[in-house]
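Novice: First to last, the sequence lines map onto chains A and B. Residue numbering for the first sequence is 15 to 300, as defined by my numbering. Residue numbering for the second sequence is 143 to 403, as defined by my numbering. Think of the CB as a built atom: it goes at the ideal place given N, C-alpha and C, for glycine as much as any other residue. Please read these numbers as outputs of a predicted model, since none were measured by experiment. Have a look at this one.
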Amino acid sequence: MARVLALKEAVESLVRDGDTLAMEGFTHLIPHAAGHEIIRQGKKHLTVIRMTPDLIYDQLIGMGCVDKLVFSWGGNPGVGSLHRLRDAIENGWPNRIDIVEHSHAAMANAYEAGAAGLPLAVFRGYIGTDLPKVNPNIKSITCPFTGEKLAAIPSHRPDVAVIHALRADRAGNVLLEGILGVQKEAVLAAKRSIVTVEEIVDDFGPRSLNATILPSWTVGAISVVPGGAFPSYAQGYYKRFNAFYKEWDRIARERDTFLAWMKENVLNKGPEAFAEHVRGLRVAAE
Amino acid sequence: MTPSYKPNEIMTIAAARALKNEDVCFVGIGMPSAASNLARLTHAPGITLIYESGTLATRPSVLPLSIGDGELCETALTTVSVPEMFRYWLQGGRISVGFLGGAQIDKYANLNTTVVGPYDKPKVRLPGGGGAPEIATSCGEIFIIMAQGRRGFVDKLDFVTSLGHGDGGNARERLGVKTRGPTRLVTDLCIFEPDPETKEMIVTSIHPGVTRDQIQENTGWTVRYADTVAETPPPSQLELETLRELHARTARAHGEGGSKE
Numbered sequence: 015m016a017r018v019l020a021l022k023e024a025v026e027s028l029v030r031d032g033d034t035l036a037m038e039g040f041t042h043l044i045p046h047a048a049g050h051e052i053i054r055q056g057k058k059h060l061t062v063i064r065m066t067p068d069l070i071y072d073q074l075i076g077m078g079c080v081d082k083l084v085f086s087w088g089g090n091p092g093v094g095s096l097h098r099l100r101d102a103i104e105n106g107w108p109n110r111i112d113i114v115e116h117s118h119a120a121m122a123n124a125y126e127a128g129a130a131g132l133p134l135a136v137f138r139g140y141i142g143t144d145l146p147k148v149n150p151n152i153k154s155i156t157c158p159f160t161g162e163k164l165a166a167i168p169s170h171r172p173d174v175a176v177i178h179a180l181r182a183d184r185a186g187n188v189l190l191e192g193i194l195g196v197q198k199e200a201v202l203a204a205k206r207s208i209v210t211v212e213e214i215v216d217d218f219g220p221r222s223l224n225a226t227i228l229p230s231w232t233v234g235a236i237s238v239v240p241g242g243a244f245p246s247y248a249q250g251y252y253k254r255f256n257a258f259y260k261e262w263d264r265i266a267r268e269r270d271t272f273l274a275w276m277k278e279n280v281l282n283k284g285p286e287a288f289a290e291h292v293r294g295l296r297v298a299a300e
Numbered sequence: 143m144t145p146s147y148k149p150n151e152i153m154t155i156a157a158a159r160a161l162k163n164e165d166v167c168f169v170g171i172g173m174p175s176a177a178s179n180l181a182r183l184t185h186a187p188g189i190t191l192i193y194e195s196g197t198l199a200t201r202p203s204v205l206p207l208s209i210g211d212g213e214l215c216e217t218a219l220t221t222v223s224v225p226e227m228f229r230y231w232l233q234g235g236r237i238s239v240g241f242l243g244g245a246q247i248d249k250y251a252n253l254n255t256t257v258v259g260p261y262d263k264p265k266v267r268l269p270g271g272g273g274a275p276e277i278a279t280s281c282g283e284i285f286i287i288m289a290q291g292r293r294g295f296v297d298k299l300d301f302v303t304s305l306g307h308g309d310g311g312n313a314r315e316r317l318g319v320k321t322r323g324p325t326r327l328v329t330d331l332c333i334f335e336p337d338p339e340t341k342e343m344i345v346t347s348i349h350p351g352v353t354r355d356q357i358q359e360n361t362g363w364t365v366r367y368a369d370t371v372a373e374t375p376p377p378s379q380l381e382l383e384t385l386r387e388l389h390a391r392t393a394r395a396h397g398e399g400g401s402k403e
């Protein structure tokens with residue numbers, strides 16, 4: 015059964031130094047508040063998995079939490095480079111990180127295989143690319159029925175998955191709507207999980223018979239953090255704050271502006287700051 | 143009279159024209175997104191646009207800044223999970239055109255979006271492949287849109303992120319790939335299409351006012367031309383107005399800069 019915990023307690027009890035950590039959210043529902051809490055608690059030597067390590071992993075990497083990154087697209091969406099990620103790869107600042115690079119299809123398949131309890135993901139991919147030359151985990155397998163050669167990679171089995179969802183009910187069930195990304199798969203593939211939510215409601219109310227719900231017994235901890243996905247968005251709650259993605263380019267470009275921003279906005283703040291961030295971005299209730 | 147236009151505009155417009163009403167198009171962010179939506183708003187109102195965030199048949203009124211903006215989901219026929227997107231829809235062969243850009247391209251339209259310089263000691267670390275490696279082999283055919291220049295149009299790629307025509311000829315077939323690969327490369331100067339035999343990308347149409355010297359100056363390999371080279375029809379009033387309105391709406395929606403182009 016999911017436990018409802020303050021975010022601080024959830025991260026203290028479920029994220030450990032040296033863990034393999036997957037924080038997912040595909041543009042939508044990116045768990046920024048949880049990322050800040052992990053940074054505040056100074057977690058170290060993490061292997062971090064994420065399809066699109068955007069701002070949230072730029073911050074974790076720049077603050078020295080990460081030893082290894084498993085990813086498929088590392089940029090600031092629609093804006094350009096992730097300067098902290100690049101500084102780590104190109105110059106080893108603040109520390110060298112190992113990278114394990116995949117394609118989106120591979121990452122999505124690896125999460126799904128992890129959720130399905132399989133040791134590997136099999137798919138038709140990586141044909142004619144150089145990625146297998148730089149990632150020894152990209153191998154192939156021959157279909158025993160047709161003889162077709164297919165790509166094979168290990169499934170993702172993170173120690174802990176962290177996602178942001180729209181809401182939970184009193185029983186600890188979690189509802190996702192809109193762009194779903196790989197969050198359901200990431201939680202089901204992981205040994206432990208933290209889900210931050212916009213709110214806890216008595217009852218989900220009228221919904222599609224096929225609504226995407228993570229049942230309470232599949233979730234570790236639930237923490238209520240209104241605005242916790244900012245500057246990404248939460249469908250029906252608040253909009254994406256595009257201007258911040260552009261602003262991040264300036265903040266993260268230099269080490270000192272980055273560190274100053276992190277001190278002011280992360281180290282010296284708490285999760286409650288997020289509700290304030292989204293005040294002007296709220297969408298009208300339907 | 144032909145209205146005046148910028149090189150970026152004719153590039154987007156020429157790329158949009160290549161899309162058909164019945165296409166199912168897997169759309170990348172940036173210029174591919176502008177071209178695909180321009181096609182939808184002009185000659186191809188029935189086109190199905192798919193973004194890798196899982197949005198099927200989306201009809202955004204402004205261009206998304208990212209691949210998963212709420213606008214894409216709210217205007218989509220349905221939204222599926224990302225594993226489903228890549229497994230059932232892309233790998234399942236349900237997409238007719240993939241629309242890609244890149245940082246580097248070679249004469250066989252192989253693309254690099256991974257690194258400039260050696261992989262272990264990169265000069266510039268680029269974002270990486272994202273969806274491109276499988277888009278390049280699973281979609282029926284591939285359109286590429288890229289502004290032309292020596293830094294991007296190179297003789298040899300530092301890294302092959304996604305397969306074009308490999309080393310030419312029947313390279314795709316040899317690798318067991320059944321799709322057609324890049325059939326069109328639209329730049330701000332001209333349009334390339336693969337030579338039917340060698341699969342080298344050769345110029346088949348030149349935008350008005352552009353010279354062959356200009357094309358060569360901006361290309362890192364010796365450019366070849368089709369026997370008959372067309373002149374790209376200039377943008378029509380409707381195409382230009384629609385594109386500019388789309389960009390203006392986008393800029394208003396996203397604040398100052400709007401989507402990148």
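Answer with buried or exposed for B/Met343, where buried requires no fewer than 16 other C-beta atoms within 10 angstroms of its C-beta.
Specialist: Against the second sequence, residue 343 of chain B aligns to sequence position 201. So B/Met343 counts as buried.
Novice: Tell me, please, which residues DSSP counts as bridged to B/Asn163.
Specialist: Against the second sequence, residue 163 of chain B aligns to sequence position 21. The partner list for B/Asn163 (beta bridge, DSSP) is empty, contrary to what the question assumes.
Novice: Let me know the secondary structure DSSP gives A/Asp183 once reduced to three states.
Specialist: Position 169 of the first sequence, counted from the start, is the residue given in the question as residue 183 of chain A. If DSSP states are grouped into helix, strand and coil, A/Asp183 belongs with the strands.
Novice: Please report the residue range of the alpha helix (DSSP H) in which B/Arg394 lies.
Specialist: Position 252 of the second sequence, counted from the start, is the residue given in the question as residue 394 of chain B. Counting along the chain, the alpha helix (DSSP H) containing B/Arg394 begins and ends at 379 to 396.
Novice: Taking only runs of the alpha helix (DSSP H) that begin and end inside the region 114 to 173 of chain A, which ones reach a length of at least 4 residues, in chain order?
Specialist: 118 to 129, 145 to 148
Novice: Quick check: A/Ala48 and A/Ile214, are their CB atoms within less than 8 Å of each other?
Specialist: If you number the first sequence from 1, residue 48 of chain A lands on position 34. If you number the first sequence from 1, residue 214 of chain A lands on position 200. No, Cβ-Cβ distance for A/Ala48 and A/Ile214 is not below 8 Å.
Novice: Checking contacts by CB at 8 Å: is A/His337 closer than that to chain B?
Specialist: For residue 337 of chain A there is no data in the structure shown, the boundaries of chain A being 15 and 300.
Novice: Please confirm whether B/Glu403 has its beta-carbon closer than 8 Å to some beta-carbon of chain A.
Specialist: Position 261 of the second sequence, counting from 1, holds the residue named residue 403 of chain B. Residue placement at B/Glu403 is flagged as unreliable, the pLDDT there being 34, under the threshold of 50; a coordinate-derived value is accordingly withheld.
Novice: How about B/Val157 and B/Val328: are their beta carbons less than 8 Å apart?
Specialist: Position 15 of the second sequence, counting from 1, holds the residue named residue 157 of chain B. Position 186 of the second sequence, counting from 1, holds the residue named residue 328 of chain B. Note on identity: in this sequence residue 157 of chain B is Ala, with Val being the wrong assignment. Contact flag set, yes.
Novice: Report all residues from its chain with a CB closer than 6 Å to the CB of A/Thr61; omit the five preceding and five following residues, and keep chain order.
Specialist: If you number the first sequence from 1, residue 61 of chain A lands on position 47. Taken in chain order, the residues that qualify are Thr34, Lys82.
Novice: Apart from the five residues on each side of it in sequence, which residues of its chain come closer than 7 Å, Cβ to Cβ, to A/Leu281?
Specialist: Position 267 of the first sequence holds residue 281 of chain A. Once the five neighbours on either side are set aside, the close Cβ partners of A/Leu281 are Arg54.
Novice: Drop a sphere of 10 angstroms on the beta-carbon of A/Ile155, count the other beta-carbons inside from all chains shown, and report buried for 16 or more, exposed for fewer.
Specialist: Taking the first residue of the first sequence as 1, we reach residue 155 of chain A at position 141. Looking at its Cβ environment, which holds fewer than 16 other Cβ atoms inside 10 Å, A/Ile155 is exposed.
Novice: Is the CB-CB distance between B/Leu253 and B/Gly306 below 8 Å?
Specialist: By one-based count along the second sequence, residue 253 of chain B stands at place 111. By one-based count along the second sequence, residue 306 of chain B stands at place 164. Yes, the pair counts as a contact, with Cβ atoms nearer than the cut-off.
Novice: What does A/Glu115 reach in chain B if we use C-beta pairs closer than 7 Å?
Specialist: Working through the first sequence from its first residue, we reach residue 115 of chain A at position 101. Here the neighbours are Gly270.
Novice: Can you look up B/Gly399 in the DSSP assignment and give me helix, strand or coil?
Specialist: Against the second sequence, residue 399 of chain B aligns to sequence position 257. Any answer about B/Gly399 is weak, because its pLDDT of 42 lies below 50 and its placement is not dependable; what the coordinates show is given next. Three-state result, B/Gly399: coil.
Novice: Between A/Ser154 and chain B, is any beta-carbon pair separated by less than 8 Å?
Specialist: The residue given as residue 154 of chain A occupies position 140 in the first sequence. No, its Cβ sits nowhere closer than 8 Å to a Cβ of chain B.
Novice: Please determine if the region 322 to 338 of chain B and the region 285 to 293 of chain B are in contact, where contact requires at least 3 C-beta pairs separated by less than 8 Å.
Specialist: yes
Novice: Counting only beta-carbon separations shorter than 8 Å, does B/Thr279 have a partner in chain A?
Specialist: Counted from its first residue, the second sequence places residue 279 of chain B at position 137. Output row for B/Thr279: interface = yes.
Novice: For a test of the three-state rule: what should DSSP assign to A/Thr232, helix, strand or coil?
Specialist: The count along the first sequence starts at 1 and reaches residue 232 of chain A at position 218. A/Thr232: helix per DSSP, three-state reduction.
Novice: Is the shortest distance between the beta-carbon of B/Tyr261 and the beta-carbons of chain A less than 8 Å?
Specialist: One-based indexing of the second sequence puts residue 261 of chain B at position 119. Yes, contact with chain A.
Novice: What's the gap between the Cα of B/Lys148 and the Cα of B/Val365?
Specialist: Against the second sequence, residue 148 of chain B aligns to sequence position 6. Against the second sequence, residue 365 of chain B aligns to sequence position 223. Those two C-alpha atoms are separated by around 23 Å.
Novice: Looking only at its own chain, which residues have a Cβ that is under 7 Å from the Cβ of B/Thr125, when we skip the five neighbours before and after it?
Specialist: Because chain B spans 143 through 403 in this model, residue 125 of chain B falls outside it and cannot be assessed.
Novice: At a CB-CB cut-off below 9 Å, which residues of chain A make contact with B/His389?
Specialist: Here residue 389 of chain B is taken as the residue at index 247 of the second sequence, counted from 1. Those do not exist, as B/His389 stays about 14 Å from chain A at its closest Cβ, beyond 9 Å.
Novice: Under 6 Å Cβ to Cβ from A/His116, same chain only, skipping five residues before and after it: list those, please.
Specialist: Mapped onto the first sequence, residue 116 of chain A falls at position 102. Excluding residues within five positions, the ones whose Cβ falls inside 6 Å are Ser86.
Novice: Can you tell me which of A/Pro133, A/Asn256, A/Arg269 puts its alpha carbon nearest to the alpha carbon of B/Leu207?
Specialist: In the second sequence, counting from the first residue as 1, residue 207 of chain B sits at position 65. If we check each option's Cα against that of B/Leu207, A/Asn256 comes out closest.
Novice: Verify whether the separation of the beta carbon atoms of B/Gln233 and A/Ala119 is less than 8 Å.
Specialist: In the second sequence, counting from the first residue as 1, residue 233 of chain B sits at position 91. In the first sequence, counting from the first residue as 1, residue 119 of chain A sits at position 105. Yes; because the gap between Cβ atoms is below 8 Å, this pair is in contact.
Novice: Just to confirm the assignment, what range does the beta strand (DSSP E) spanning A/Ile75 have?
Specialist: Taking the first sequence and counting its residues from 1, one reaches residue 75 of chain A at position 61. Unbroken run through A/Ile75 is the alpha helix (DSSP H), 69 to 76; no beta strand (DSSP E).
Novice: Going by DSSP, what residue range makes up the beta strand (DSSP E) through A/Asp81?
Specialist: In the first sequence, residue 81 of chain A corresponds to position 67, counting from 1. Note, A/Asp81: beta strand (DSSP E), 80 to 85.
Novice: Please decide whether A/Glu104 counts as near chain B, where near means a Cβ-Cβ distance under 8 Å.
Specialist: Mapped onto the first sequence, residue 104 of chain A falls at position 90. Yes - at least one Cβ of chain B is within 8 Å of the one on A/Glu104.
Novice: Check whether chain B comes within 8 Å of A/Ala10, counting only Cβ atoms and requiring the distance to be less than that.
Specialist: Residue 10 of chain A lies beyond the range of chain A shown here (15 to 300); nothing can be said about it.
Novice: Please name the residue in B/Ala251, B/Arg293, B/Pro174, B/Glu164 whose C-alpha comes closest to that of B/Thr340.
Specialist: Counted from its first residue, the second sequence places residue 340 of chain B at position 198. Selected option, being the one with the closest Cα: B/Ala251.
Novice: Can you tell me whether A/Gly56 sits near the ligand ADP, meaning its C-beta is under 7 Å from at least one heavy atom of the ligand?
Specialist: Although the ligand ADP was asked about, the structure shown includes no ligands whatsoever.
Novice: Please check the pair A/Ala36 and A/Ala135, which I expect to be a contact at CB under 8 Å, by giving their CB distance rounded to whole angstroms.
Specialist: As a working note, residue 36 of chain A is residue 22 in the first sequence. As a working note, residue 135 of chain A is residue 121 in the first sequence. Actually they do not touch by this definition, with Cβ atoms about 15 Å apart.
Novice: Give me the chain B residues within the contact set of A/Asn123, using Cβ-Cβ distance strictly less than 8 Å, ordered along the chain.
Specialist: Taking the first residue of the first sequence as 1, we reach residue 123 of chain A at position 109. What A/Asn123 touches in chain B: Pro225, Phe228, Arg229.
Novice: Could you please tell me which residues of the region 285 to 317 of chain B, in chain order, have their CB closer than 7 Å to any CB of chain D?
Specialist: In the structure shown, chain D does not exist; the protein chains are A and B.
Novice: Give the C-beta separation of B/Thr374 and B/Ile348 to the nearest angstrom, bearing in mind that I take them to be a contact with Cβ-Cβ under 8 Å.
Specialist: Translated into positions along the second sequence, residue 374 of chain B becomes position 232. Translated into positions along the second sequence, residue 348 of chain B becomes position 206. So it is a contact: roughly 7 Å between Cβ atoms.
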